[in-house]
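This is the structure we're talking about:
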């Protein structure tokens, strides 16, 4: 992993110095190239253009501007940058706001170190990364954008396969990936892929349209 990690440039944005330094040390020890670390959202946006990170590990709650504003600024400065939220908050609106702004993943600060390092690697590789509980929340909120059997599709609505819909329903009920794998007789990795594909369709199909649909359906 260290060889792959060495090619990944990471910026850490968190207003708590000890946490920011600790995360930076853990990333460096795992072989990632930590190109910048800051505690302010505006500064993160300013330096992103020069630092050119592949992944930004971002705290949602910052003292100057919101994490959502930082996401918007980062995507404007470095198109294609992948943002992984690392937050103490698992509140519904916080998760949805980050997803709608363009975050590729959302991890709680209570996550184990191995889970965090894996999430950074998967985010860098283009995966959409959520812990099972948060994935259930996101899927549960956006499932009405999917086309369920027997309902008519809205123009431009993202479509899910039968298997993706089946996995979605189980994740939204709070089952872990491993429990879903056992129930559906699938591999753990296959379930992860279905969840990532579903989240990708629901959040990245067309971000502008999706946000509009979410507002129209009262999800904002």
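Numbering (my numbering), first residue to last: 2 to 221.
Using N, Cα and C, we set each Cβ at its ideal position, and we do this for glycine too.
Where the alpha helix (DSSP H) containing residue i begins and where it ends
{"i": "residue 45", "result": "42-52"}
{"i": "residue 25", "result": "18-30"}
{"i": "residue 185", "result": "178-185"}
Burial state of residue i, where buried means 16 or more other Cβ atoms lie within 10 Å
{"i": "residue 116", "result": "exposed"}
{"i": "residue 102", "result": "buried"}
{"i": "residue 37", "result": "buried"}
{"i": "residue 61", "result": "buried"}
{"i": "residue 30", "result": "exposed"}
{"i": "residue 81", "result": "exposed"}
{"i": "residue 51", "result": "exposed"}
{"i": "residue 186", "result": "exposed"}
{"i": "residue 18", "result": "exposed"}
Rounded C-alpha distance that separates residue i from residue j
{"i": "residue 20", "j": "residue 14", "result": "10 Å"}
{"i": "residue 25", "j": "residue 45", "result": "15 Å"}
{"i": "residue 57", "j": "residue 170", "result": "30 Å"}
{"i": "residue 63", "j": "residue 41", "result": "7 Å"}
{"i": "residue 59", "j": "residue 39", "result": "10 Å"}
{"i": "residue 43", "j": "residue 190", "result": "38 Å"}
{"i": "residue 162", "j": "residue 76", "result": "30 Å"}
{"i": "residue 47", "j": "residue 199", "result": "33 Å"}
{"i": "residue 23", "j": "residue 97", "result": "27 Å"}
Residue i - containing beta strand (DSSP E), residue span
{"i": "residue 107", "result": "106-109"}
{"i": "residue 34", "result": "34-39"}
{"i": "residue 71", "result": "Per DSSP, residue 71 belongs to no beta strand (DSSP E); it is in the alpha helix (DSSP H), 68-78."}
{"i": "residue 114", "result": "Note, residue 114: premise wrong, no beta strand (DSSP E); alpha helix (DSSP H) at 114-125."}
{"i": "residue 230", "result": "No statement about residue 230 is possible, as the shown extent of the chain runs from 2 to 221 and does not include it."}
{"i": "residue 87", "result": "83-88"}
{"i": "residue 59", "result": "56-59"}
Same chain, Cβ closer than 6 Å to residue i, five either side skipped, listed in chain order
{"i": "residue 55", "result": "9, 10 and 125"}
{"i": "residue 83", "result": "56, 105 and 124"}
{"i": "residue 128", "result": "197"}
{"i": "residue 112", "result": "none"}
{"i": "residue 118", "result": "31"}
{"i": "residue 107", "result": "86, 96, 99, 131 and 135"}
Beta-carbon spacing of residue i, residue j below 8 Å
{"i": "residue 33", "j": "residue 121", "result": "yes"}
{"i": "residue 95", "j": "residue 109", "result": "no"}
{"i": "residue 70", "j": "residue 49", "result": "no"}
{"i": "residue 86", "j": "residue 68", "result": "yes"}
{"i": "residue 16", "j": "residue 114", "result": "no"}
{"i": "residue 72", "j": "residue 99", "result": "yes"}
Proximal residues to residue i (C-beta, below 7 Å), its chain only, five neighbours per side dropped
{"i": "residue 195", "result": "164, 165 and 168"}
{"i": "residue 192", "result": "168, 178, 181 and 182"}
{"i": "residue 35", "result": "11, 13, 25, 28 and 29"}
Own chain residues within Cβ distance below 8 Å of residue i, not counting five before or after
{"i": "residue 184", "result": "171 and 176"}
{"i": "residue 53", "result": "10, 36 and 79"}
Cβ of residue i within 8 Å of any chain D Cβ
{"i": "residue 122", "result": "The question asks about chain D, but that chain is absent: this structure has only one protein chain."}
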